[in-house]
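First up is the structure itself, then whatever we jot down about it.
Residue numbers (the numbering used here), protein chains in the order written: chain C, 4 to 505; chain A, 562 to 1212.
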């Protein structure tokens, strides 16, 4: 029997072990080994999950574990996973592993830095395995606070402003989530007036449409802030560009996915009728984010800002997929979460490598990097190609699945939204190629660059791990869709049931 | 049945070679990468030839009709039970013909590159990209599923991007690669939406099922009912797909990337931008031809007019260009225009399908002589180290083999019997004559211009003014090096292609490839051929009188047609129009406002909320001064207030 709690305990123990270390070398290696074990566990989880399913276990969640945490309010530590959470856990493990490797050269307050990074990952793992709304919220908060410190202490540029902005906006989002969760709680009844936070229980209950209409916006917008829902996306550019490399990777790779996952697992799953009722608004906001994010990216001059704005655009696909409420579109949304997480982590990682060497992120000042630091240059090109949705990389299958799923809604409004979303891939190509052509290709702009040294082994390992993960989805998407199709089916059934009962 | 493995190996061998070169070869045996690539292509070619033989002569034909054979099919990404992206291998006359062309031209280019790229520091990268391209192109032509074709379509685009930008430290090459990718991406948007439309209304992504359902009267009756702006949904679908095809095939107005793409190494231009990738647009129309022809009336007219217009337009520009590769690029656009309008004027089945057959025939012959022209031009550029006509002249004695093969190719493209281009062009002209006279007249004007500008090119390079070898040496940046005809690895492909340019026209093409799989005779109608051939000869004679010897006539003509000449020389300012639209309109009217609004309005309101909170709290913070006197004052004033309130309520 697989114990999911290990997924939370291992990073926590690693974080504590980091506190006991004597020097930065020990800290690095302890974190590295911890994250490697975690990666191993996550892959192990994937295989035991597949084995369990192959053995015919058809229950919705596997490896469930329940412990009553606070009887009076019926709060439980209740964990379990389905295919969707397994993919999220794998994503987290890969990004954390790569993030630790990329941060190898951090020399200021090393101990605190790695401690906070690992603490963040505890929050993310806990969030993805929680099936109790209160526990879920608890872990969500753990994943927010350390970011403030990471940016404010190790950041660059206007870091205090960005850290404050990010923390306030995300806290704002999570307070909306809290209101939504509590409101949901008080509308449940498991008999005898006992309320429940149990996600699976709530899904079975029927909350009236009017109540759903009230609660849903809190949950969806609250989680939406995390995943850069327009117009609550403005923390993204500032937050990312000020954050240290590994924190950017976490932020874009994992934190933004907490939001997408929450929108799907909590808001849409529990409030299907409201999701349907507000679907036009979700689609509208997502389409705005996609198009407007893409055009705003065109004008950016800083590599990190480019990637941050493009994240707004790409995360729009997640929201769009969820808002379309077709099975294929939701599968696409989940794929896009994982794909964007990996791709953007790679992108921020390689931007960090460039910045560490050239001490600039201004596209205008860079040039010819492919010649002097070929490994870094090639990784940048690969990240760019993945971002613009080249077949073979994960971005392509994710986007195409969202498009095909969205096209199944035959009304004109969805059609227009889908066409606009499709059109964004052209704009993506423009801004990616602009940046790549100027900074990585072209003539060398600065003779100082001739002295640069290429990627270190940690940077190489981090990049290769992320690229392999991207390719594993991009080249063989069938394993990924097989993993999550059934769970999406269950979510869809809940939506359909909700709609037909009204 | 053909063993599916052998067919699968045709695209797989190049991708394996790509992986080996890119991951291992580049570091450990860079000098052998070229041979590895060439060897793998040779194997692929042999397999393709074997498959073609088996298909055309042994198993393809059932009761006189060539069948579509799905050799392999694997559900790669299953959306719904009906809708999936399959990785499949489809064999039919056109795909079999294409794998032979692609592997053969690619092999020739590989061999040629061994000589041409010799000494280049990144030669292993070059060969890995060539392998990647060949793989993608083979995947494209073998695709059994329209989405699979889209996948390889994009991969072809990116390989082309990588190869155009091969000299990545040269800003013009980087700009050209970027332009090529973005313009074709823009067109691919049409393709993508077209796929979505087609798949929605036919319920499948499989070529076979799409064609079957959309041409089934029972099924298409319901489809025709769904209309948008006067056209049926299906017609919109195929027209959108055609936009994608027009982008790849550089049809007007999406042709602007192709001339710039000449920044890539010349063998690459021969492979990608002449013989294989650019005909992908023709190929997709041919692949969906029954849908265009039977289910979407009117769509083929669009194809025909776009084709003939691009053809004439590019031919006019080609007459004014001075960069020899650009002349060839415009000539490619013009010739692809021929293939396009041939499909456009064609009908489906039997004699009606003459245009279809002619189009595919021309695709076949064109790939041979156009690759030869590019490789010959490469040999010339290799020799004089310049792309400009003014740096060339009198080379016929210095490079006899290049000269002779180039001449053969020029005769072929001009449509002089008995060279290859004559036969295919005649079929196309006949098809145009039978169905649309306007297209026919424009086409023979284009054909005349073709003969003129090709021989303008030929005479300018090999005749005209004569440079002494000493003078030519002077062009090489002061370095003296011994002038010599190209090495054997470069001459060998020239000779082979030159021979094929002579004989390829004698293939009884209609027996193998036709719109419905039935044999179609491609006998010549000699009386019909007289006019086009005479016109071609007129074109050649004009070129001869203008360019055989250096004289003032071309200049006089140019001044005579001043306005027209200048605008043709500047490619009719299409590039400038695009620059205006993208840089001035899109960037300034959409991009900048979006960035501005984000910074000032959306983010501004977030900051505004923060500022508001801050100012409210600073307003009320004075109340909590910490002074005991103040608090006492508040306490008593509150007390008095309450007392007054109670008294007021009481009374």
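For every residue, glycine included, the Cβ atom is placed at its ideal position computed from N, Cα and C.
Using a 10 Å radius around the Cβ and a threshold of 16 neighbouring Cβ atoms, would you call residue i buried or exposed?
i, result
"residue 750 of chain A", "buried"
"residue 63 of chain C", "exposed"
"residue 414 of chain C", "exposed"
"residue 588 of chain A", "exposed"
"residue 43 of chain C", "exposed"
"residue 612 of chain A", "buried"
"residue 1209 of chain A", "exposed"
Throw me the rounded Cβ distance for the residue i and residue j pair, which I believe falls under 8 Å.
i, j, result
"residue 881 of chain A", "residue 950 of chain A", "At roughly 11 Å, the Cβ-Cβ gap does not stay under 8 Å, so residue 881 of chain A and residue 950 of chain A are not in contact."
"residue 280 of chain C", "residue 216 of chain C", "6 Å"
"residue 153 of chain C", "residue 119 of chain C", "5 Å"
"residue 100 of chain C", "residue 109 of chain C", "No, residue 100 of chain C and residue 109 of chain C are not in contact; Cβ-Cβ is about 16 Å, not under 8 Å."
"residue 254 of chain C", "residue 290 of chain C", "Actually they are not in contact, since the Cβ atoms of residue 254 of chain C and residue 290 of chain C sit about 24 Å apart, beyond 8 Å."
"residue 919 of chain A", "residue 1024 of chain A", "Not quite, the Cβ-Cβ distance comes to about 33 Å (not below 8 Å), so this is no contact."
"residue 1061 of chain A", "residue 929 of chain A", "5 Å"
"residue 509 of chain A", "residue 933 of chain A", "Residue 509 of chain A lies beyond the range of chain A shown here (562 to 1212); nothing can be said about it."
In terms of residues, what are the limits of the beta strand (DSSP E) holding residue i?
i, result
"residue 648 of chain A", "645-652"
"residue 1024 of chain A", "Segment: none, residue 1024 of chain A is in no beta strand (DSSP E) and carries neither H nor E."
"residue 632 of chain A", "630-639"
"residue 69 of chain C", "65-73"
"residue 616 of chain A", "Per DSSP, residue 616 of chain A belongs to no beta strand (DSSP E) and is neither H nor E."
"residue 1134 of chain A", "It is not in any beta strand (DSSP E) - residue 1134 of chain A carries neither H nor E in the DSSP assignment."
"residue 1162 of chain A", "Taken as a continuous stretch (DSSP letters only), residue 1162 of chain A belongs to no beta strand (DSSP E), as it is neither H nor E."
I need the boundaries of the alpha helix (DSSP H) containing residue i, first residue and last residue.
i, result
"residue 437 of chain C", "415-442"
"residue 319 of chain C", "306-327"
"residue 352 of chain C", "330-361"
"residue 935 of chain A", "915-945"
"residue 758 of chain A", "732-763"
"residue 477 of chain C", "460-478"
"residue 1141 of chain A", "Run containing residue 1141 of chain A: none; DSSP gives neither H nor E here."
"residue 80 of chain C", "Looking at the DSSP string, residue 80 of chain C is not in any alpha helix (DSSP H); the run it does join, the beta strand (DSSP E), is 78-84."
Quick check: what's the CA-CA separation for residue i versus residue j?
i, j, result
"residue 660 of chain A", "residue 218 of chain C", "59 Å"
"residue 632 of chain A", "residue 773 of chain A", "19 Å"
"residue 379 of chain C", "residue 105 of chain C", "13 Å"
"residue 855 of chain A", "residue 1001 of chain A", "23 Å"
"residue 201 of chain C", "residue 286 of chain C", "29 Å"
"residue 1035 of chain A", "residue 953 of chain A", "Caution is warranted here: a pLDDT of 49 is assigned to residue 1035 of chain A, below 50, making its placement in the model unreliable, and the coordinate value is therefore given only provisionally. Those two C-alpha atoms are separated by around 12 Å."
"residue 435 of chain C", "residue 994 of chain A", "47 Å"
"residue 810 of chain A", "residue 53 of chain C", "46 Å"
"residue 40 of chain C", "residue 72 of chain C", "28 Å"
"residue 1197 of chain A", "residue 1203 of chain A", "10 Å"
"residue 350 of chain C", "residue 1055 of chain A", "45 Å"
"residue 814 of chain A", "residue 470 of chain C", "37 Å"
"residue 720 of chain A", "residue 251 of chain C", "31 Å"
"residue 181 of chain C", "residue 475 of chain C", "36 Å"
"residue 256 of chain C", "residue 701 of chain A", "33 Å"
"residue 10 of chain C", "residue 122 of chain C", "12 Å"
"residue 408 of chain C", "residue 401 of chain C", "11 Å"
Are the region 330-338 of chain C and the region 1189-1204 of chain A touching, with three or more C-beta to C-beta distances below 8 Å? no
Between the region 961-972 of chain A and the region 902-920 of chain A, do three or more beta carbon pairs fall short of 8 Å? At 8 Å Cβ cutoff, the stretches do not touch.
Under 8 Å, with one C-beta from each stretch per pair, do the region 625-637 of chain A and the region 1070-1078 of chain A reach the 3-pair mark? Yes, since at least three Cβ pairs between the region 625-637 of chain A and the region 1070-1078 of chain A fall closer than 8 Å, the two stretches touch.
Indicate whether the contact test is met: 3 or more Cβ pairs, each with one atom in the region 290-304 of chain C and one in the region 257-264 of chain C, closer than 8 Å. When C-beta atoms of the region 290-304 of chain C are compared with those of the region 257-264 of chain C, fewer than three pairs fall below 8 Å, so the two segments do not count as touching.
Touch check for the region 84-91 of chain C and the region 193-210 of chain C: three-plus C-beta pairs under 8 Å? no
Counting Cβ pairs, one atom from each stretch, are 3 or more of them under 8 Å apart for the region 722-737 of chain A and the region 750-761 of chain A? no
Is the region 837-847 of chain A touching the region 683-690 of chain A, taking contact as three or more C-beta pairs under 8 Å? No: fewer than three Cβ pairs fall under 8 Å.
Answer yes if the region 687-705 of chain A comes into contact with the region 573-581 of chain A, meaning at least three C-beta pairs across the two stretches below 8 Å, and no otherwise. With three or more CB-CB distances shorter than 8 Å, the region 573-581 of chain A counts as touching the region 687-705 of chain A.
For the 8 Å Cβ check, are there 3 or more pairs between the region 920-939 of chain A and the region 976-994 of chain A? These segments touch.
Stretch pair the region 1164-1177 of chain A + the region 310-317 of chain C: three plus CB contacts closer than 8 Å: no
Inter-stretch contact at 8 Å, needing at least 3 Cβ pairs: the region 868-878 of chain A / the region 887-902 of chain A: yes
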